[in-house]
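If you read the sequence shown in our numbering, its first letter stands for residue 368, the second for the next number, and so on.
C-beta atoms are modelled at their ideal positions from N, C-alpha and C, and glycine is treated no differently.
Quick notes on the structure that follows.
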Amino acid sequence: MKRIQKGFIKMFDEIRTLFSIIENDGFSQEIVDAACRKHGSLPEILAQYYLQLGKIAALNQQHNCLLEPDKLIDAGEYLIFYVENQYVAQWALKKSDLALENPPVFCSLNEKDFKPECENLYDFLCAMANFHAAAWGLPYSSEEIYYLEKEQLQQITASYRKKPYALHQWIAIDFYGNRKDEVICVLGGEQIQYASSNQQHFEELEQFMGQMNLEVL
């Protein structure tokens, strides 16, 4: 079992910028090492995430929940590390992949049948961070969830860059934004939330959304 090196080099720049995170706020080296010993190993990406960002509530507990290192759930061939807040969905890694640095993530709706969610763990963590940012995890966010018509979605896709990760199994969610501190979250192609950690950038988002006359869900 390899020992995870202490996270002295700050990682996850994209997440840090989105949430305006400056200082690390994670679990102790001892707790992460204990989880590695218990399960034989943990992916380097997950271990570093626990060490550097694991205790930030707005990032990890805003709606869905990152499980603490000592509370990972054994699910046969999979190890569950993230759950929906009412346990409707569970996200896991294959136990056979735990020694990989950045393995794929799988999702189940019954803790048994797991389907591919993201090609790698880093993308999953970025996707969940963006979802939590839009779900009122940032200081500046839309007060409501809005309906999205096809024509309105086309306006968004024409004006904002699609981010290179998404969620697929629990809810189909795509993310857009032209700046690193903002996110437009499109759920199922029919609903929208948006947020930014920068007030001016959020006001610009508000102005764009306002001209579309979005209907509250």
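Alpha carbon to alpha carbon, how far is residue 491 from residue 469? Give it in angstroms, no decimals.
Within the sequence shown, the letter at position 102 stands for residue 469. Within the sequence shown, the letter at position 124 stands for residue 491. The straight-line gap from Cα to Cα measures roughly 10 Å.
Thinking C-alpha only, which one of 519, 537 and 391 is nearest residue 454?
Counting from one through the sequence shown, the residue named residue 454 turns up at place 87. Residue 454 has its Cα closest to that of 537, out of 519, 537 and 391.
Start-to-end residues for the beta strand (DSSP E) that takes in residue 561: As a first step, residue 561 must be located in the sequence shown, where it is residue number 194. Residues 558-563.
*For residue 440, the residue or residues it bridges with in DSSP*: By 1-based counting over the sequence shown, the position of residue 440 is 73. Residue 440 pairs with 447.
* Asked: Below 8 Å, can you find three or more Cβ-Cβ pairs linking the region 545-554 to the region 562-581?
  -> yes
Who are the near neighbours of residue 500 in its chain, counting only those whose CB is closer than 7 Å to its CB and skipping five residues on each side? Here residue 500 corresponds to residue number 133 of the sequence shown, with the count starting at 1. 385, 386, 550 and 562, listed in sequence order.
Query raised in the report: With a Cβ-Cβ cutoff of 8 Å, do residue 555 and residue 533 count as a contact?
Result: Stepping through the sequence shown from its first residue, residue 555 is reached at position 188. Stepping through the sequence shown from its first residue, residue 533 is reached at position 166. Their beta carbons are not under 8 Å apart, which means residue 555 does not touch residue 533 by this criterion.
| message | One question on the structure: do residue 526 and residue 575 come within less than 8 Å of each other, judged by their Cβ atoms? | response | Sequence index remark: in the sequence shown, residue 526 carries index 159 (1-based). Sequence index remark: in the sequence shown, residue 575 carries index 208 (1-based). Cβ atoms of residue 526 and residue 575: closer than 8 Å.
message = I believe residue 661 touches residue 512 by the beta-carbon criterion, under 8 Å. Please report the beta-carbon distance rounded to the nearest angstrom.
response = No information on residue 661 is available, as it lies outside the stretch 368 to 584 that the chain covers here.
**Report entry** Inside the region 470-529 only - beta strand (DSSP E) runs reaching at least 3 residues
**Finding:** 472-475 and 481-485
* Asked: Which same chain residues, not among the five before or five after residue 488, have their C-beta less than 8 Å away from its C-beta?
  -> What you label residue 488 is simply residue 121 of the sequence shown in a count that begins at 1. Within the same chain, residue 488 has close Cβ partners 410, 412, 413, 460, 469, 470, 471 and 472.
- prompt: If you run the structure through DSSP and keep just helix, strand and coil, what is residue 412?
  reply: Along the sequence shown, read from residue 1 onward, the residue named residue 412 stands at position 45. Residue 412: helix per DSSP, three-state reduction.
Considering only residues of the same chain and omitting the five flanking positions on each side of residue 475, which have a CB-CB separation below 6 Å? Numbered from its first residue, the sequence shown carries residue 475 at position 108. Answer for residue 475: 457 and 481, listed in chain order.
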